[in-house]
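Sequential numbering from 21 applies to the sequence shown in my numbering. Let me begin by presenting the structure, written as structure tokens, before commenting on it.
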Amino acid sequence: MATERKEKYRTQTSTSIDKLLLATLEELAKEQRCNKSRLYDEALKLLFKEYGKEIKKETEL
């Protein structure tokens, strides 16, 4: 049985990623002493900015 996580503003997702990108991400996470989730969030925000896409607000979900 899976345990239910009680993180209000986060959701779990699964994807495949280039091995070299992942290795670099893991290295960066260690160097910055942060988790990969934080770096994924930061990368997605930069991607959305690059494409001129506003991040949805809580009320829009």
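Don't be surprised by glycine CBs; every beta carbon is placed ideally from N, CA and C. Bear in mind that the values here come from a model prediction, so they are computed numbers and not experimental data.
Residue range 56-70 is occupied by the alpha helix (DSSP H) that includes R58. When DSSP states are grouped into helix, strand and coil, K50 belongs to the helix group. Annotation: L59 to G72 spans about 20 angstroms, alpha carbon to alpha carbon. Look at E78 here: in three-state DSSP terms it is helix.
Between N55 and A49, the C-beta spacing is below 9 angstroms.
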